[in-house]
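Residue numbers (UniProt numbering): 1 to 447. Don't be surprised by glycine CBs; every beta carbon is placed ideally from N, CA and C. Accompanying notes for the structure given below.
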């Protein structure tokens, strides 16, 4: 198997095909397309956002001519595509570019100033994200006039969507956008989310939770689509480990509040106190690392729980080969941030790793309690103990859940099928009726 052009090692020892599950359909190269799509990212590529890397690879394979801009960080080359990094020093030129674009499009400036005067940003970070997107649009408007794409696609609802929306407002460039849990929920959602997305040719999100949140904001049903992420190839379906008397527990998560890792460590302490034998590995990095190290020491979990730090994608798959169960203790963070459906959950389900998850966010779209995994509340350690005891002692239940989990992934998480849906949305957006008539260039303040 290959993962983003790198060979993904398969550890054959202890991993075997246990049921006649299908492999993903082979992806047939499509004929080259003349359709030009410009992707706008906040940061690209980013090691913790592999789903966006897969999306670019899939759209490139389907013949779209891609141009990629990274507004903050990132850059370099990705699969033969130059990632154009926004040089921040160019923001200094806004001193004269803002008056120029305001002269060309006074209505745009009036709308922005009215918004600034009548509402507060949910956070300073979101304020500056939107200002970054606005600055990019102003500075690159001329470049987009000279080399207009068929479609501008914002990969996030923050800075990229602001840039795409303003490029439409300034010169009528058709655009589409994605909205993720971060855009929808942190501090109540992005500052200008509705104004931006209501003009998009389409908006896609990867969970039904996300789609429902967008519809509640009044976006039209016909233009909001749930297009799930996916796996480009099915991993080998490992055998259920016969001796599960000492469970191997894996968590793959950034060390941030929404992952519920404080709860997770307390759960591990409760498991130990109840006499359950286990070894746990937490894969990931983040701002809570120092606090979690202290908690592990305070709870005397040093002989049971290990923080591995960040691991490469191939190494994460090696951890799946080791693990009996993947745990996800996601919560709604104090600032409102939460997960959608973390990629690691369907990845584990595809590999034959049992999943125990909290019910927060969209995890239960994939994990149905007792059917394709187990669900337990993070503030109820006894429910986690019960879940792990069932996994230890009921092989028939484990096999049923593993088979159902793999079947869900094959139905809903096929990267090629989902990429075809997204590609079809791109083609429809490019060939369909423009979202709005481009605004005429004018010097009239009454535009």
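Residue span of the alpha helix (DSSP H) that contains residue i, given as start and end
i           : result
residue 43  : Residue 43 -> no alpha helix (DSSP H), and no H or E assigned at all.
residue 371 : First-last for residue 371: undefined, no H or E at that position.
residue 479 : As shown, the chain starts at 1 and ends at 447. That puts residue 479 outside it, with no answer to give.
residue 410 : 395 to 412
residue 271 : 261 to 273
Residue i versus residue j: straight-line alpha-carbon distance, rounded
i           : j           : result
residue 275 : residue 381 : 13 Å
residue 426 : residue 38  : 11 Å
residue 77  : residue 371 : 43 Å
residue 208 : residue 297 : 39 Å
residue 241 : residue 324 : 7 Å
residue 153 : residue 175 : 6 Å
residue 347 : residue 395 : 21 Å
residue 268 : residue 301 : 8 Å
residue 236 : residue 228 : 22 Å
residue 151 : residue 177 : 10 Å
residue 378 : residue 266 : 9 Å
residue 286 : residue 309 : 9 Å
residue 367 : residue 374 : 7 Å
residue 67  : residue 214 : 27 Å
residue 246 : residue 278 : 5 Å
residue 361 : residue 389 : 25 Å
Any C-beta of chain B under 8 Å from that of residue i
i           : result
residue 159 : The structure shown contains no chain B, having only a single protein chain.
Collapsed DSSP secondary structure at residue i in the structure displayed
i           : result
residue 188 : helix
residue 353 : coil
residue 133 : helix
residue 144 : helix
residue 279 : strand
residue 32  : Because the pLDDT at residue 32 is just 46, under 50, the model does not fix this residue reliably, and the value given afterwards should be weighed accordingly. If DSSP states are grouped into helix, strand and coil, residue 32 belongs with coil.
residue 377 : coil
residue 424 : helix
residue 154 : strand
residue 290 : helix
residue 308 : strand
residue 25  : Confidence at residue 25 is low in this model, with a pLDDT of 40, below 50, so the placement of that residue is unreliable and no value is reported for it.
residue 244 : coil
residue 123 : coil
residue 250 : strand
residue 49  : coil
residue 64  : coil
residue 237 : coil
residue 358 : coil
Boundaries of the beta strand (DSSP E) in which residue i is found, first to last residue
i           : result
residue 364 : Run containing residue 364: none; DSSP gives neither H nor E here.
residue 304 : Here residue 304 belongs to no beta strand (DSSP E), and DSSP marks it neither H nor E.
residue 77  : 76 to 78
residue 84  : 81 to 85
Touch test, the segment 290 to 298 against the segment 309 to 319, Cβ-Cβ under 8 Å, three pairs minimum: no
Minimum length 3: unbroken beta strand (DSSP E) runs contained in the segment 160 to 235: 175 to 178, 203 to 205, 224 to 226
Runs of beta strand (DSSP E) lying entirely within the segment 319 to 349, each at least 3 residues, in chain order: 325 to 328
The segment 246 to 253 / the segment 210 to 222 touching (three or more Cβ pairs under 8 Å): no
Three or more C-beta pairs below 8 Å linking the segment 158 to 171 and the segment 124 to 135: yes
Contact the segment 413 to 423 vs the segment 254 to 267: 3+ CB pairs below 8 Å: no
At least three beta-carbon pairs within less than 8 Å, the segment 179 to 199 to the segment 66 to 86: no
The segment 193 to 201 contacting the segment 162 to 173, beta-carbon criterion three pairs below 8 Å: yes
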